[in-house]
Structure formats: C-alpha cells, structure tokens
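Student: One line per chain: the protein sequences are Z and L, in this order. Mapping of the first sequence onto the UniProt record's numbering: residues 1 to 358, in sequence order. Mapping of the second sequence onto the UniProt record's numbering: residues 1 to 358, in sequence order.
There are 2 protein chains.
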Amino acid sequence: MSRQKPRLARIADALGVSTATVSNALSGKGRVSPELAERIRATAAELGYVPSVAGRALRTGRSGVLGLVLADISNPLFPKLAQAIENSAAKVGYGILIADSHGDVTAQTQAIERLIERGVDGMIVVPRRGTWVTGASCPVAVIDSPSTPGNTVAADHWSGGQGLGLHLYSLGHKHVLLLGNSTASNVQNDRLGGVKAGLGSAKVETIWIEKLEAQSGQGCSLGLAEAVARGVTAIAAISDLVALRALTELQRAGIAVPEDVSVTGFDDLIWSSVITPGLTTMRMDVATIADIAIAAVLDAINQPHVAGSRGTDGDTVIASQPKVPMELVVRQSTGPARKSAYPNDNKTDNLTAGELIQ
Amino acid sequence: MSRQKPRLARIADALGVSTATVSNALSGKGRVSPELAERIRATAAELGYVPSVAGRALRTGRSGVLGLVLADISNPLFPKLAQAIENSAAKVGYGILIADSHGDVTAQTQAIERLIERGVDGMIVVPRRGTWVTGASCPVAVIDSPSTPGNTVAADHWSGGQGLGLHLYSLGHKHVLLLGNSTASNVQNDRLGGVKAGLGSAKVETIWIEKLEAQSGQGCSLGLAEAVARGVTAIAAISDLVALRALTELQRAGIAVPEDVSVTGFDDLIWSSVITPGLTTMRMDVATIADIAIAAVLDAINQPHVAGSRGTDGDTVIASQPKVPMELVVRQSTGPARKSAYPNDNKTDNLTAGELIQ
DNA sequence: CGTTACCGGTTAAACGATTAATCACCTGCA
DNA sequence: TGCAGGTGATTAATCGTTTAACCGGTAACG
Chain Z
1 MSRQKPRLAR IADALGVSTA TVSNALSGKG RVSPELAERI RATAAELGYV PSVAGRALRT
61 GRSGVLGLVL ADISNPLFPK LAQAIENSAA KVGYGILIAD SHGDVTAQTQ AIERLIERGV
121 DGMIVVPRRG TWVTGASCPV AVIDSPSTPG NTVAADHWSG GQGLGLHLYS LGHKHVLLLG
181 NSTASNVQND RLGGVKAGLG SAKVETIWIE KLEAQSGQGC SLGLAEAVAR GVTAIAAISD
241 LVALRALTEL QRAGIAVPED VSVTGFDDLI WSSVITPGLT TMRMDVATIA DIAIAAVLDA
301 INQPHVAGSR GTDGDTVIAS QPKVPMELVV RQSTGPARKS AYPNDNKTDN LTAGELIQ
Chain L
1 MSRQKPRLAR IADALGVSTA TVSNALSGKG RVSPELAERI RATAAELGYV PSVAGRALRT
61 GRSGVLGLVL ADISNPLFPK LAQAIENSAA KVGYGILIAD SHGDVTAQTQ AIERLIERGV
121 DGMIVVPRRG TWVTGASCPV AVIDSPSTPG NTVAADHWSG GQGLGLHLYS LGHKHVLLLG
181 NSTASNVQND RLGGVKAGLG SAKVETIWIE KLEAQSGQGC SLGLAEAVAR GVTAIAAISD
241 LVALRALTEL QRAGIAVPED VSVTGFDDLI WSSVITPGLT TMRMDVATIA DIAIAAVLDA
301 INQPHVAGSR GTDGDTVIAS QPKVPMELVV RQSTGPARKS AYPNDNKTDN LTAGELIQ
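(1) If the cut is a Cβ gap below 8 Å, which residues of chain Z does L:ALA229 touch?
(2) Which stretch, first to last residue, makes up the beta strand (DSSP E) that contains Z:SER262?
(3) Find out if the Cβ-Cβ distance for the pair L:ILE294, L:ALA42 is shorter than 8 Å.
(4) Report yes if the CB atom of Z:PRO139 is closer than 8 Å to the CB atom of Z:ILE301, and no otherwise.
(5) Under 8 Å, Cβ to Cβ, is there at least one residue of chain L near Z:GLN108?
(6) Is DSSP giving Z:SER309 helix, strand or coil here?
(7) Quick one, which residues of the stretch 21 to 52 of chain L are near chain Z if we go by CB-CB under 9 Å, in chain order?
(8) Report the residues of the stretch 175 to 194 of chain L with a CB closer than 8 Å to any CB of chain Z, ordered along the chain.
(9) Is it true that the CB of Z:ASP100 sits closer than 8 Å to the CB of Z:SER145?
(10) For Z:VAL176 versus Z:VAL232, is the C-beta distance shorter than 8 Å?
(11) By the 10 Å Cβ neighbour count, where 16 or more other Cβ atoms means buried, how is L:PRO325 classified, buried or exposed?
(12) Please name the residue in Z:ILE238, Z:GLY160, Z:GLY217, Z:GLY219 whose C-alpha comes closest to that of Z:ARG327.
(13) Bridge partners of L:GLY122, per DSSP?
(14) Per DSSP, L:GLU327 is paired with what?
(15) Short of 7 Å in beta carbon distance, which residues of its chain neighbour L:GLY103, apart from the five on each side in sequence? Order them along the chain.
(16) What residue does the beta strand (DSSP E) around Z:ILE116 start on, and which one ends it?
(17) Check the C-beta distance from L:GLY150 over to L:THR316 and give it rounded, since I have them as a contact under 8 Å.
(18) Would you say the beta carbon of Z:ALA295 is closer than 7 Å to some non-hydrogen atom of the ligand FAD?
(19) For residue 372 of chain Z, which residues in chain L fall below 8 Å Cβ to Cβ?
(20) DSSP three-state label for L:ASP156, please.
(21) Going straight from the alpha carbon of Z:ASP268 to that of Z:VAL329, what length do you get?
(22) Based on the DSSP secondary-structure assignment, which residues constitute the bridge partners of Z:LEU178?
(23) Give me the DSSP bridge partner(s) of L:ILE292.
(24) Please report the distance separating the alpha-carbon of L:THR334 from that of L:ALA319.
(25) Suppose the cutoff is 6 Å on Cβ atoms and the five residues either side in sequence are ignored; what does the same chain contact list for L:VAL187 look like?
(26) Out of L:LYS203, L:SER201, L:SER272, L:HIS173, which one is the CA nearest neighbour of L:ALA337?
(27) When you compare each of Z:GLN215, Z:THR152, Z:LEU241, Z:GLN251 to Z:LEU179 by their alpha carbons, which one comes out closest?
(28) Leaving out five residues on either side along the sequence, give the residues of the same chain with a beta carbon under 7 Å from the beta carbon of Z:THR280.
(29) Pick helix, strand or coil for L:ILE270, following the three-state DSSP scheme.
(30) Is it buried or exposed for L:THR183, if we count other Cβ within 10 angstroms and need 16 for buried?
(31) Where L:ALA155 and L:ASP285 are concerned, what is the direct C-alpha to C-alpha distance, given to the nearest angstrom?
(32) Using the beta-carbon count (16 or more within 10 Å), is L:SER272 buried or exposed?
(33) Suppose you measure from the CA of Z:ALA237 to the CA of Z:THR148; what does that come to, to the nearest Å?
(34) Using a Cβ-Cβ cut-off of 6 Å (strictly less than) and excluding sequence neighbours within five positions of Z:LYS80, which residues of its own chain qualify?
(35) Distance, Cα to Cα, Z:GLU35 vs Z:LYS323?
(36) For L:ILE85, name the three-state secondary structure that DSSP assigns.
In structure tokens form, the structure reads like this:
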C-alpha cells in the first residue's frame, strides 16, 4: 500500500470539492455546511491525511515550534523542566526545539540564533545567572527568579526558603548553617534570604562553596563536622545536589541525620526520595511554571501587534502570575533539634548510636 | 531600522540578478561566476539574510529537524544524552525536537506521531525497555543495548560491566553483591552479566530491587548491612542512582565505604563526583554514541532510496559501529577488600573508625 | 418589486526557496 | 562561414496550505 502521502488536493478530488473548502472544513474557519464538513473530516481521516507543516508555515508565517534554551542541559533540574514544558507545549499544539548554551554567553547567543534560523515562533529561556537574553526577534519568556528584571515567571524561591526556615524553626533549630554556591545568583540569594526570614531569631551562618573551593580546591571538605561541633543543629543547602554532598560528608564523619543534625535541600530531584534518610526539600511546581511561560509566549505571538515597535524587539514577555508557590516535602532528613551539645557529651549519644543499627 | 526580513528576492533585486542565481550562489550548487557569487554572499551577509526554513522545506521536502523521543525525560541520564545529541545534530545543521513518552507504549506512539506530523526527517529513540518502535514513516535510530534486536548504537554495557568486575576482582573482592532493578531490561542484564564475567571465580549474589520492593514496599531497606555481615565486601549497583541508595543506606548503618565495603555504579551522573566518598562508576561515551546515531540517521535520509520499499517502512537504521566502549572512572568508593569478617570482629575495626574522623 | 444580506462554496494569489529547462553569448574548430 | 559545445545567467514551474476576493442563488425586507 505505498500510496503517496495525501495532500489537501487529494481529499478535495475524492469529494469533488475545492482545496479551499477542505482547508476551511478542517480548520473550522471558513463557511462550510456541517454535513460536508463532516464528510471531509471522514475522508481526511480515512486517507490518513497529515497536513504539511512546511506548507502551512510558509503561508501563515508560523512554524508551530517554540525554542527551549537552557544554560546548561546537564543541570539536574532540567529533565523535569523540559518534560513539563514539552507537555505544556504539546497541549496547545506546539513543538519544542532544544538548544544548549553550554553555560557561556556567546554560546547562548549562538544557540538563540540557531533557533531563530529554524523559524521558532517564540522561545523559553532559562538563562545562566547574570547572562542576558539578547537579540531574539521573537517573543521570549524567561524563567529565572522573581527578583530578576525581565523575568517572566519562576518559582517563588524566597517564600520557599521561608517555608523551609519555618519548618526548621518549628522543630526547635536555633543555630543553622546555610550552604550556598555563589552570591551572584538571584535564585540563591532569594532562597537563602527566605530561609533566614523563616528562621526568625535563630543564629545563622553561611558558607559559599564557590568561594571556599577557590581556596581549598574543588571537592574539598565543607567542614560540616566542625560546624556541628560548634553547635549547628541544622543545615539548609541551596539545592538537593549540595544537600547530598553535605549529607554524605556528614554520614562519612559518623554524624547521624537527622538525630544529630537536620539537612534540607531545594528542588526535589529524583534521588531525594531514594537516599537514606530521604531528603526534606522544597519542590517547585514545574508544571505550572511551564504552563504560564508557554501561555505568556503564545499570548505575545497571537498579539495582533503591539502598537509601538514592529519587530517585537527581543523584549521578554510578561506573565499574568510571575511567582509560583513552592511545596514543602518533608522526609526523614529533618527532625527536632538535639538539646545537648555535640560531640563533647558522648554519653546519651549512645542511644542515637543504638538507633543507627535498627 | 525596521526593515522587513529580507528574502531571496530582496538580495536579488539589490544586485539586479535573479533569485535563482542567488540561490545557486548561496548553496554553491549551480553555475555562478566566482566573483558574482562573492558579491552575492557579501550583500546577503550585509542585509542579514536568513533563509526561510519553511520555504526550503516545502520545496525540498526536508525539514532539517530530527526528533528525539525518550522513554522518560526525567531519567537522570537524559540531560547528558540530550546535550550530546543536540550538539551532534547542530554540527551537521540539524535541529532537535523533543518528545516525552512518559514511559508507556501508547504515549510513546503518540509522541512519535506528533514528531511525524511536525515533519521530522528522522528520529532518535531511546525506548522504554521492552517497548517497540512502531509506525514511524522515517528513518529511526534506536539507542538501547547492543543485545536488543533493532538497536542502532549503544554503549557496550557488557564490556563496561566486565571492566567494573575486573576492577573489583583486582582489588581482591571475592564476595560481591549485585544490585539490579528489573530482569526484563536488556541493558541491566548486559551490565550485570559483564560484571559477573569480570569477577571470574568470585562469589556473587544478586538482588533485584523491583522484586524486593513488590514484597517489602517502595523504598524499603535493601538489607545491605546483613549482606556485609555475611561476608560481602563489594556492591556493584546497576546505576549510580541505585549506588547512591546503597551508599547512603550503608553510611546510615555506620558501615564505612570503601573500608568495610566497596560500592560501584554506572553512568557517572552529575552527583557521582560531589558525594563523599566519590563514586567509582562506569561512564558511557554519550558524545560518540550521539555522533554515530545522528550519522546513521542522516545516511538513511540521504540514501537515494532503498531499492525495495518506497516508504522507508519504519525499519530502524543500522550504524557502522554498534558498540561504543565505556570508560571506568575510579574514585574513592572502591578500595581493597577487607580481610577480616564483619562485624563479628570489632577490634581492628577501630582503626577504620579512626579514619572516619579525619 | 427592487434592494440588500447571507449562504455555501470556488478562484486565484500569495508565502519563499529550489531546480530543471532554456537561452543568449562566446569560443574553438572544421 | 557554419556548427558544436561550454558558460553564466534567467525563466518558470513547483512544493502544500491559507485566505481575501468573488460569485450565483435564495431569502428577507422595506
């Protein structure tokens, strides 16, 4: 059955009507009698008609494809985000073309250019911190941080941090260590700022890992055992990845989580639930974020045309709801603050040691 | 400067030549005098000409886009793979359209259909184990496992496993626990089969997690402490994710890695290097795999047309080199097998406990 | 009864690039 | 001089869809 792939004309011929009528019937736009429309749909389905995107794109000037550019695809959060965006886009009939920007600005610009050449109708960009989206001649939605200018939509990192802070505070933690990577990131500042706010009067220290590693070398110890020794009862990490690093460093040092110290992360990555103890973390609602971002871009695309600039001059699109709440996921890595100092008193600790075995 | 986006005709007008000549000059195909070609290229660049993919696609029947369908985008290995494939495709001027198949077969079929409708020239599929690629009317490359029929290219999981087994064996491990998820996966069977082969005469036990969890519930203990107690000195996990689960379960139980037991994974995921101890693992060469897969698909696309079936009937494409070697990454999670039994002898163990502090 | 409005379609012109066919011109050779 | 052959460019058809414009016919309306 090697029939040629049917075009509009073939199904028009089969029914003795014009291609225009078929087009109208299938798109439901023009004026076609209901019964004819039905017959057309039927034969279209029967013949296995698949519209040619190329033909349509050429005529309408729309490709039906959006670009997704990510600062660094190897970011562990990317899979969930890509999945969510692809789903949201598919729901409204759009495809997603991916582009990796390897983290640096020139590559990001090139990636954006490639997408433009491919004729995307719009783009979703998750930029590298600090970098700026530039020179896109189509609507662009930016997913970064609510406190970043030009941001379209993002998780409410600050409130999320606050929720985590409150969680720890309500467990009685009065001395908390914060683990960040870089002070240059809005997302990170938002998150840790929120945590501090949630912790209220508790004592707070902060370690910036990038700075630490610049001195002590990549992958160096974070000195968590010492921190616990000087009274820290909880560690709030900027991400699950950092939390994991902290958790294993603590466990390796024989410090029990959560009995001796609680640990929290951010992102709810895939492994957070399979490790022991399960990681208490703050999850972002990627599905909602994706929906909003896609909707915002589509709005801009379908805008008759903004009065002023004709070129849609690379301005990033704005969304109805820029902040999306995060969700606290409580697992086993957080618990009540220990009362006793550590590890100076090695007597009652035996009962935690006992728990270790179970 | 809101000039209309220049078409071929505009640059033709600017030089007083025909569009055909411009097209020929830019593509280097027809006969154009060198100097005129140069002038054309110059003004094209000056005017910022960007060819319309829609127009070209309509005429040539090629979209310049490949589809990438993944069983489950949230697979932690996906970022690296997607990145590699996007890179390889970009090198040869192709774009990558993503599609998520949510793991189940119907969704996978739908995803493939969506890609076809979008007019992709070919596809790369990383199928869910067991599922079969069906009904694609374009060249398809499958990345799964060398032992899967229809596979185009994949990492040599068996040899990789063997390498891991040899590594452990050379460290003196004579009693090894293998951790798999499901016996239904070719990849997993290849990997563990290879490990066994590499371990030679060593004693080997295997735990299939899916089976275990069916009895004892999701996220249950894997009983690793007991395994160590009965003499296991090394644990080879089917993936880094499982290795991580094992590592934290061990650490939580106060068992030192690698002093008391060595742990290995597969994949070299992003976190493998940041945890303590760093995970010894087997990395697949995603870049090479991507290159080969892309090349195979492109070959099929550019094939004048296979003598027989006109429809390129969904047969998966074959590659020049179906197996790509894996690379052993040795970190701190593996070490010499302990000599003494465990934990029956709790005397010399103090020295490992001493090491814990450092 | 004449004018208007609508209804269910058809015609034909784009959209932008590629490419086979054609053509004018020049050179070389008999 | 006449003809074959090559060169550098043009002409025009084509890909498949959308859509503004048009059209004959009928019903409504003043």
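The beta carbon of each residue, even a glycine, is placed where N, CA and C say it ideally should be.
Tutor: Put simply:
(1) Simply none; closest approach about 11 Å.
(2) 262 to 264
(3) no
(4) yes
(5) Z:GLN108 does not count as touching chain L.
(6) Here the model assigns Z:SER309 a pLDDT of 37, short of 50, so the residue's position is not dependable and the matter cannot be decided.
(7) VAL50, PRO51, SER52
(8) none
(9) no
(10) Going by C-beta atoms, Z:VAL176 is nearer than 8 Å to Z:VAL232.
(11) L:PRO325 comes out exposed.
(12) Going by the sequence as given, residue 327 of chain Z is Glu instead of Arg. If we check each option's Cα against that of Z:GLU327, Z:GLY160 comes out closest.
(13) L:LEU66
(14) Answer by DSSP bridge pairing, in chain order: L:ARG283.
(15) ALA71, ASP72, ARG128
(16) Taken as a continuous stretch (DSSP letters only), Z:ILE116 belongs to no beta strand (DSSP E), being part of the alpha helix (DSSP H) at 105 to 117.
(17) With 8 Å as the limit, L:GLY150 and L:THR316 qualify as a contact, their Cβ atoms being about 5 Å apart.
(18) With respect to the ligand FAD, the structure shown offers nothing to examine, as it has no ligands at all.
(19) As displayed, chain Z neither begins before 1 nor continues past 358, which places residue 372 of chain Z out of reach and without an answer.
(20) coil
(21) 8 Å
(22) Bridge partners of Z:LEU178: Z:THR206, Z:ALA236.
(23) According to DSSP, L:ILE292 bridges with nothing at all.
(24) 35 Å
(25) Cβ neighbours of L:VAL187 beyond the five flanking positions: SER145, HIS157.
(26) L:HIS173
(27) It is Z:LEU241 whose Cα lies nearest to the Cα of Z:LEU179.
(28) Excluding positions up to five away in sequence, the list reads THR264, VAL329, VAL330, ARG331, SER333, THR334.
(29) helix
(30) exposed
(31) The alpha-carbon atoms of L:ALA155 and L:ASP285 are separated by roughly 7 Å.
(32) buried
(33) 21 Å
(34) VAL286
(35) Cα to Cα, the separation comes out at about 47 Å.
(36) helix
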